[in-house]
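I have placed the structure first, in the form of structure tokens, so that the comments after it can refer back to it.
2 protein chains.
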Amino acid sequence: MAENKNQAIDTREKILCAAESLFMEHGYAATSLRVITAKARVNLAAVNYHFGSKEALIREVFELRLGPLNAARIAHLDKLEAAARGRPLAIEQIIEAIIAPVLHVSKEPLARGAIFLRLLGRAFSDPADTLREILPAQYRQVVIRFKQALTRSLPELPDQELTWRMHFMFGTLSYIMAGNDALKLIATCNLEDGDDAEAIMRRLIPFLAAGLRAPLSALQTKRGLPGRRSGMKRVHESEIGART
Amino acid sequence: MAENKNQAIDTREKILCAAESLFMEHGYAATSLRVITAKARVNLAAVNYHFGSKEALIREVFELRLGPLNAARIAHLDKLEAAARGRPLAIEQIIEAIIAPVLHVSKEPLARGAIFLRLLGRAFSDPADTLREILPAQYRQVVIRFKQALTRSLPELPDQELTWRMHFMFGTLSYIMAGNDALKLIATCNLEDGDDAEAIMRRLIPFLAAGLRAPLSALQTKRGLPGRRSGMKRVHESEIGART
DNA sequence: CGATGATTCAAACGTTCGTTTGAATCAGTT
DNA sequence: AACTGATTCAAACGAACGTTTGAATCATCG
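Respectively, the protein sequence lines represent chains U and F. Going by our numbering, the first sequence wraps up at 1446, each residue one higher than the last. Going by our numbering, the second sequence wraps up at 1446, each residue one higher than the last.
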């Protein structure tokens, strides 16, 4: 029954590809089906025919690519832990299990992968309701799995502190993946040479590893609550909290 | 010449307030003037009358609030450096000069400040062209000024490396300010207690300071270029680069 | 009070949006 | 060649968009 799917699949692919780069460029809400289908060189009605709706299209874009990416992360971590035979992993190894699959994606032909990664990075700050359903579902397992690994490697770190530091880590990663042009402003100096995805990630790993390993400030070792100054020694004198 | 501006200013204020929280909630493109004016309880035409266009409205939202915020950051840093009388500042002090003004804003009445901060955090990943003009202009001086300070406190760090680490730092901060609900998924554990803006920032400072101070990997100490493995010792054995 | 200029308002403008429709086209089977 | 089901297409749908308009309303001052 109908092996003429060749064209249909082509059409689907063309739409997905065009949508990916346009969503990345202008965001979900600001990208119309008309420009998507124009860029893909297919009929306007093709999106609703093949995907059902604009929302289902963006959902498919993410699920098709994010699923394998996160699966690869977990697989990478599994392999590392099997090799370690029970010993805790180095922080750098754990971070690499998160980042290496990203680099793999970034090397897809025609910059398709790089485009998706920027889209993904931005998606974490996109307020579109659709995305706020998709992302947590796709990331839940990854977060649980990596938190286990980090807990074993940082046993002295309180659970809440680790949760926040993971939050910081994923935040940095998502922001860097978004490849924010707006903050190319930081490039007061020239960033000309080998600053491709791989070089950036190699810079990122020591940064994140050091952050995860950071000593607790005196405030955090004993009490969770801020406020009320005492004579306790602190890592640094802070203006923060002065107005409490 | 017309001192009946009382009502006009009220209307402007009401629009700005409504726009701020709606842009934060749904993004720029997905927020219509009709819902803004409905929430502000003013006439639809009031936006074009008082601001000229939707684009001018969002521009005003940012310039009115981001200008003072960044000015406070620079002023804070100036004060610290004056007190230090030529000695380099501690990394933590410099980070605090960035963060303390944010906390100040976060304490504005009726959560107005907190709403703006989330809007600001998201703006860095918003692809709207308007924002891509506004933000770099607003941040340029801050970046230059803080980079100077960090260079003095981290003299051994290559300029490019510092640029990237500042990028990471601003990325983390913007992501955390965006207060991403989507990544509340990370909260596998409960984050119930004192996790207000102040507590979060106090957790963030040691994380960022450690990241900025992180040792260079062996790869970065000598050569800027990635690729080709040599016998050099490295901070950690990496799967990244294995496919180079 | 009547004139003046700033502000509000309801209504409409033209455009663009996501989606639907029904006929035309295509590939594969009988 | 005729039929079938999948796919494409041009056209249109109603809804929502940002913006404009011109009259109504308001506060202020001569």
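Even for Gly, the Cβ is constructed at its ideal location relative to N, Cα and C.
Any chance the region 1349 to 1358 of chain F sits against the region 1292 to 1312 of chain F, with 3 or more Cβ pairs inside 8 Å?
Yes, the region 1349 to 1358 of chain F is in contact with the region 1292 to 1312 of chain F.
Please return the same chain residues whose Cβ sits closer than 8 Å to the Cβ of isoleucine 1217(F), not counting the five positions on each side in sequence.
Sequence-distant partners of isoleucine 1217(F) (beyond 5 residues in either direction) whose C-beta falls short of 8 Å from its own C-beta, in its chain, are Ile1238, Thr1239, Ala1242, Val1244, Ala1248, Val1249, His1252, Phe1253 and Leu1259.
Looking at chain U, is there any beta carbon in it that lies within less than 8 Å of the beta carbon of tyrosine 1377(F)?
It does; some Cβ of chain U falls within 8 Å.
Count the other C-beta atoms from every protein chain shown that fall within 10 angstroms of the C-beta of serine 1234(U), then say buried if there are 16 or more, exposed otherwise.
Exposed, by the Cβ-count rule.
Cutting at 7 Å between CB atoms, please list the residues of its own chain near arginine 1214(U), excluding the five before and the five after it.
So the qualifying residues of the chain are His1252.
8 Å is my cut-off, CB to CB: does isoleucine 1300(U) come that close to chain F?
Not one chain F Cβ lies under 8 Å of isoleucine 1300(U).
Completely contained alpha helix (DSSP H) runs for the region 1253 to 1290 of chain U, where each covers 4 or more residues:
DSSP runs (the alpha helix (DSSP H)) wholly in the region 1253 to 1290 of chain U: 1256 to 1286.
Cβ pair isoleucine 1336(U), phenylalanine 1264(U) closer than 8 Å
Contact flag set, yes.
From the DSSP output, in three-state form, read off asparagine 1239(F) for me.
For clarity, residue 1239(F) is threonine in the given sequence; the question names asparagine instead. It is helical.
I want to see whether chain U comes within less than 8 Å of phenylalanine 1409(F), judged by CB atoms only; does it?
Interface residue (Cβ-Cβ distance to chain U less than 8 Å): phenylalanine 1409(F) is classified as such.
From Leu1271(U), Ala1351(U) and Ala1231(U), residue whose alpha carbon lies closest to that of leucine 1282(U):
Out of Leu1271(U), Ala1351(U) and Ala1231(U), the CA that lies nearest to the CA of leucine 1282(U) is found in Ala1351(U).
Could you give the residue range of the alpha helix (DSSP H) that holds aspartate 1361(U)?
Taken as a continuous stretch (DSSP letters only), the alpha helix (DSSP H) holding aspartate 1361(U) covers 1361 to 1379.
First through last residue of the alpha helix (DSSP H) which encompasses threonine 1353(F):
From DSSP, the alpha helix (DSSP H) with threonine 1353(F) extends over 1331 to 1355.
Around the C-beta of proline 1408(F), are 16 or more other C-beta atoms found within 10 angstroms, so that it is buried, or is it exposed?
Label assigned to proline 1408(F): buried.
Secondary structure at tyrosine 1251(F), three-state DSSP: helix, strand or coil?
Reduced to three states, the DSSP call for tyrosine 1251(F) is helix.
Helix, strand or coil at glycine 1323(F) according to DSSP, with G and I counted as helix:
Per DSSP, reduced to three states, the secondary structure at glycine 1323(F) is helical.
Can you give the Cα-Cα distance for leucine 1271(F) and proline 1311(U), rounded to whole angstroms?
Rounded to the nearest angstrom, the gap between the Cα atoms of leucine 1271(F) and proline 1311(U) is 43 Å.
Going by C-alpha distance, which of His1369(F), Tyr1230(F), Ile1378(F) and Ser1419(F) is nearest leucine 1305(F)?
Closest in C-alpha terms to leucine 1305(F), from the list His1369(F), Tyr1230(F), Ile1378(F) and Ser1419(F), comes Ile1378(F).
Backbone CA spacing between tyrosine 1230(U) and arginine 1314(F) [nearest angstrom]:
Spanning the two alpha carbons is a distance of roughly 26 Å.
Once you ignore the five residues that flank arginine 1275(F) on each side, which residues in its own chain have a CB closer than 7 Å to its CB?
Ala1299, Ile1300, Pro1303 and Val1344.
Endpoints, alpha helix (DSSP H) assigned at glycine 1413(F)
Boundaries of the alpha helix (DSSP H) around glycine 1413(F): 1399 to 1415.
Pick helix, strand or coil for aspartate 1328(F), following the three-state DSSP scheme.
Three-state result, aspartate 1328(F): coil.
Quick one: what does DSSP say serine 1234(F) is sitting in, helix, strand or coil?
Three-state DSSP puts serine 1234(F) in coil, outside helix and strand.
Express the C-alpha separation of leucine 1322(F) and valine 1307(F) in angstroms, rounding to a whole number.
One C-alpha to the other measures close to 12 Å.
Residue-level contact to chain U via CB, isoleucine 1217(F), 8 Å cutoff
Using a Cβ-Cβ cut-off of 8 Å, isoleucine 1217(F) does not count as an interface residue toward chain U, since no Cβ of chain U sits closer than that to its own.
Just the C-alpha distance for lysine 1424(U) and glutamate 1363(U), rounded to the nearest angstrom, thanks.
In this prediction, lysine 1424(U) scores a pLDDT of 47, lower than 50, which makes its location untrustworthy; the coordinate-derived value is nonetheless stated afterwards. Rounded to whole angstroms, lysine 1424(U) to glutamate 1363(U) spans 12 Å at the Cα level.
Determine the direct distance from the alpha carbon of histidine 1228(U) to that of proline 1329(F), and round the result to whole angstroms.
Rounded to the nearest angstrom, the two C-alpha atoms are 5 Å apart.
Status (buried if at least 16 other CB within 10 Å, exposed otherwise) for leucine 1291(F):
Residue environment: leucine 1291(F) is assigned as buried (16 or more neighbouring CB atoms within 10 Å of its CB, all protein chains considered).
For the region 1232 to 1254 of chain U, list every residue whose C-beta sits within 8 Å of some C-beta in chain F, in sequence order.
For the region 1232 to 1254 of chain U, residues whose beta-carbon sits nearer than 8 Å to a beta-carbon of chain F comprise Ala1232.
Neighbour flag for aspartate 1280(U) against chain F, beta carbons, 8 Å:
Chain F, which has no Cβ nearer than 8 Å to the Cβ of aspartate 1280(U), makes this no.
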